[in-house]
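Chemist: Residue numbers (this note's numbering), protein chains in the order written: chain V, 67 to 175; chain U, 22 to 133.
1. Cβ of residue 75/V less than 8 Å from any chain U Cβ?
2. Extract the residue ranges of the beta strand (DSSP E) inside the region 72 to 119 of chain V, only unbroken runs of 3 or more that lie entirely within it.
3. Determine contact between the region 41 to 54 of chain U and the region 98 to 109 of chain V, defined as no fewer than three beta-carbon pairs at a distance below 8 Å.
4. Can you pull the chain V neighbours of residue 96/U, defined as C-beta to C-beta under 9 Å?
5. In terms of residues, what are the limits of the beta strand (DSSP E) holding residue 66/U?
6. Quick check: residue 111/U and residue 56/U, are their CB atoms within less than 8 Å of each other?
7. What residue from 105/U, 32/U and 43/U has the CA that sits closest to residue 89/U's CA?
8. Indicate whether residue 70/V and residue 88/V have their beta-carbon atoms separated by less than 8 Å.
9. So with Cβ pairs under 8 Å, would you call residue 24/U a contact of chain V?
10. So the candidates are 112/V, 93/V and 96/V; which of them puts its Cα closest to the Cα of residue 102/V?
11. Considering only residues of the same chain and omitting the five flanking positions on each side of residue 38/U, which have a CB-CB separation below 7 Å?
12. So, is the C-beta of residue 124/U closer than 8 Å to a C-beta in chain V?
13. Would residue 141/V pass as an interface residue toward chain U - the criterion being a Cβ-Cβ separation below 8 Å?
14. Please name the residue or residues paired with residue 69/V in a DSSP beta bridge.
15. Which chain U residues sit within Cβ distance under 7 Å of residue 71/V?
16. When the Cβ atoms of the region 156 to 166 of chain V are set against those of the region 91 to 100 of chain V, are three or more pairs found closer than 8 Å?
17. Using DSSP with H/G/I as helix, E/B as strand and the rest coil, what is residue 147/V?
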């Protein structure tokens, strides 16, 4: 049975790079690893998705090692508006969705 | 403008009453999902549907029911059998599989 583990919370300062890691075992070998951002009282919003190695878009990068047992979301030069909860989402070997418990990121001035 | 619409934003239920939460999407997505989120907690899957007229139970389906008669609509009924229904309910849709999910703004259900 797949399981995900994320840090419960993290603090950082404006302008810094923030890396959030999600550990996940027994995930589907041929499906994506996805990260979402959620603000209070809103639905989660898609940030980035990858299958292996590194993916970069306009807001983040995602690093996935060859064994796919973890993934790291990297947010460059964070601002106060990046304060939110970040979730990883994977699919297990039975193709069931497995959400991480979320990492509450607090950005300080 | 494409997206997912959940209504109402706030809903109150009396003890022993069934209530139905609406979810409509105009993204032409095949898959739709319902999640429950308790304060300070993550998302738990209630039901999902990969195609019209078909749906599967998620991790916490007891006390809930759904229908998928149209591609655009996936209403969730919280029945009186759900003893602790107070929560934030989120609906999502995607093209299926592990593709990105698009979420609505949620419905907050409270017990009177």
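Beta carbons: idealized from backbone N, C-alpha and C, even for Gly.
Modeler: In this structure, then:
1. Locating residue 75/V in the first chain gives position 9, counting from the first residue. Using beta-carbon distances, residue 75/V does not count as an interface residue toward chain U, since no partner is under 8 Å.
2. You should have 75 to 79, 84 to 91, 99 to 104 and 111 to 116.
3. As far as the Cβ criterion goes, the region 41 to 54 of chain U does not touch the region 98 to 109 of chain V, which means the pair count is below three.
4. Residue numbering aside, residue 96/U sits at position 75 when the second chain is read from its first letter. Those do not exist, as residue 96/U stays about 17 Å from chain V at its closest Cβ, beyond 9 Å.
5. Residue mapping note: residue 66/U aligns to position 45 of the second chain, counting from 1. Start and end: 64 to 72.
6. Counting from 1 along the second chain, the entry for residue 111/U is found at position 90. Counting from 1 along the second chain, the entry for residue 56/U is found at position 35. The answer is yes: Cβ separation under 8 Å.
7. What you label residue 89/U is simply residue 68 of the second chain in a count that begins at 1. Among 105/U, 32/U and 43/U, the Cα nearest to that of residue 89/U belongs to 43/U.
8. For this step, residue 70/V is matched to residue 4 along the first chain. For this step, residue 88/V is matched to residue 22 along the first chain. For the 8 Å CB-CB criterion, residue 70/V and residue 88/V form a contact.
9. Numbered from its first residue, the second chain carries residue 24/U at position 3. Answer no: the Cβ-Cβ gap between residue 24/U and chain V never drops below 8 Å.
10. For the purposes of this step, residue 102/V is taken as residue 36 along the first chain, with counting starting at 1. Selected option, being the one with the closest Cα: 112/V.
11. Mapped onto the second chain, residue 38/U falls at position 17. Closer than 7 Å at Cβ, skipping near neighbours: 101.
12. If you number the second chain from 1, residue 124/U lands on position 103. Interface criterion met: the Cβ of residue 124/U is under 8 Å from a Cβ in chain V.
13. Indexing the first chain from 1 puts residue 141/V at position 75. Judged by the 8 Å Cβ criterion, residue 141/V is not in contact with chain U.
14. Walking along the first chain from the start, residue 69/V turns up at place 3. According to DSSP, residue 69/V bridges with 91/V.
15. Against the first chain, residue 71/V aligns to sequence position 5. Correct list: empty, because the minimum Cβ distance to chain U is about 12 Å.
16. Contact check between the region 156 to 166 of chain V and the region 91 to 100 of chain V: three or more CB pairs, one atom from each, fall below 8 Å, which counts as touching.
17. For the purposes of this step, residue 147/V is taken as the residue at position 81 of the first chain. Residue 147/V: helix per DSSP, three-state reduction.
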